[in-house]
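Shown next, in structure tokens, is the structure this report addresses.
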Amino acid sequence: MNFRFLYRCLKARIRDQRHELKALSNHLGSGHLAVDVGANKGSYLLSMSRSVKEGGVVAFEPQPILADYLRKVVRDLRYSNITIENMGVSSVMGVMDLNIPGPVATSPSASFEKSVYSDSEFQSYEVSVTTLDDYFVRTTQQISAIKIDVEGHELSVLQGAEEIIKHHSPLIICESESRHLPNGDVNESLEYFRKIGYGGFFVHPRKGLIDLDSFLPEIHQRQVGDRFWDSRDYCNNFILTR
Numbered sequence: 001m002n003f004r005f006l007y008r009c010l011k012a013r014i015r016d017q018r019h020e021l022k023a024l025s026n027h028l029g030s031g032h033l034a035v036d037v038g039a040n041k042g043s044y045l046l047s048m049s050r051s052v053k054e055g056g057v058v059a060f061e062p063q064p065i066l067a068d069y070l071r072k073v074v075r076d077l078r079y080s081n082i083t084i085e086n087m088g089v090s091s092v093m094g095v096m097d098l099n100i101p102g103p104v105a106t107s108p109s110a111s112f113e114k115s116v117y118s119d120s121e122f123q124s125y126e127v128s129v130t131t132l133d134d135y136f137v138r139t140t141q142q143i144s145a146i147k148i149d150v151e152g153h154e155l156s157v158l159q160g161a162e163e164i165i166k167h168h169s170p171l172i173i174c175e176s177e178s179r180h181l182p183n184g185d186v187n188e189s190l191e192y193f194r195k196i197g198y199g200g201f202f203v204h205p206r207k208g209l210i211d212l213d214s215f216l217p218e219i220h221q222r223q224v225g226d227r228f229w230d231s232r233d234y235c236n237n238f239i240l241t242r
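So in the working numbering, spot 235 of the sequence shown is number 235, and the numbers just go up one at a time.
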């Protein structure tokens, strides 16, 4: 189990999320706090932990099986600066239905947005949710980075973190795709990024970092053909700064 976790983190660092993790490494410093919203199997955690050193990492994962897995790995590997929270993150505190596509127990595609799976088989169960502003209301550490991968619920996460964004101006690494958003248009995310004063880059699989102002949904999230999201020109990750 631990080998798979370490391999997953290494693969993320040298291939799958190399641009995102490099941005995190360059931005985070000793004593800082990093937040992983939608941690899944923890690809970002090792890099975050090493970057903040005596700081801290808080990872939110609403799927109980995955949260338990992460807790065990963190305990076994003795990463004492990582905290795993088995809850979701949204714009309000409370309880929400988490939707899991297919008959499987866990999925990286789990979402609070039921519309994402309206035309396919899915199962749902209730999970506790918090907002980042509420969770960190008493935190005195510098919240330096927030990574968000929540399959269409990212704007709700950001709306629940407006005080953190206002006072800490964290680096934000956010996945956002038209196919997951309730209104089906990634332009809504781009407009929100600009509204809160953020610019930056999107990650191109072949070309690396490209200025956010050059992002065109009709090109960079073209929805043509089966599994269009696997296209070598499909872009869904954004690296955002003030």
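Ideal Cβ placement from N, Cα and C applies to all residues, glycine included.
* Beta-carbon gap between Ala34 and Ala161 smaller than 7 angstroms -> no
* First and last residue of the beta strand (DSSP E) that includes Gln123? -> For Gln123, the enclosing beta strand (DSSP E) covers residues 122 to 130.
* Please say whether Met93 and Thr131 have beta carbons closer to each other than 7 angstroms? => Yes, Cβ-Cβ distance for Thr131 and Met93 is below 7 angstroms.
* Asked: Could you check where the beta strand (DSSP E) with Asn99 kicks off and where it finishes?
  -> 94 to 101
* To do: Check the DSSP bridge columns for Phe201 and list the partner residues they point to.
  => Asp211, Ile239
* Asked: Between Asn81 and Ala67, what straight-line distance do the alpha-carbon atoms span, to the nearest angstrom?
  -> 16 angstroms
* Endpoints, the beta strand (DSSP E) within which Ala145 is located -> 143 to 148
* Asked: Where do the N-terminal and C-terminal ends of the beta strand (DSSP E) with Ile84 fall, by residue?
  -> 82 to 85
* Paired residues, beta bridge with Ala34 - DSSP -> Val57, Ala145
* Asked: In three-state DSSP terms, what is Ser43?
  -> coil
* The alpha helix (DSSP H) with Ile65 in it runs from where to where? -> 64 to 76
* Asked: For Glu175, which three-state DSSP category applies?
  -> strand
* Asked: Hey, how far is the Cα of Pro217 from the Cα of Phe202?
  -> Distance between Pro217 and Phe202, taken at the CA atoms: about 11 angstroms.
* To do: Please list, in chain order, all residues of the same chain as Ile143 whose beta carbon is under 6 angstroms from its beta carbon, the five residues on each side excluded.
  => Leu33, Ile164, His168, Pro170
* Asked: With a CB to CB cut of under 6 angstroms and the five nearest residues on each side skipped, what residues in its chain are close to Phe215?
  -> Once the five neighbours on either side are set aside, the close Cβ partners of Phe215 are Phe202.
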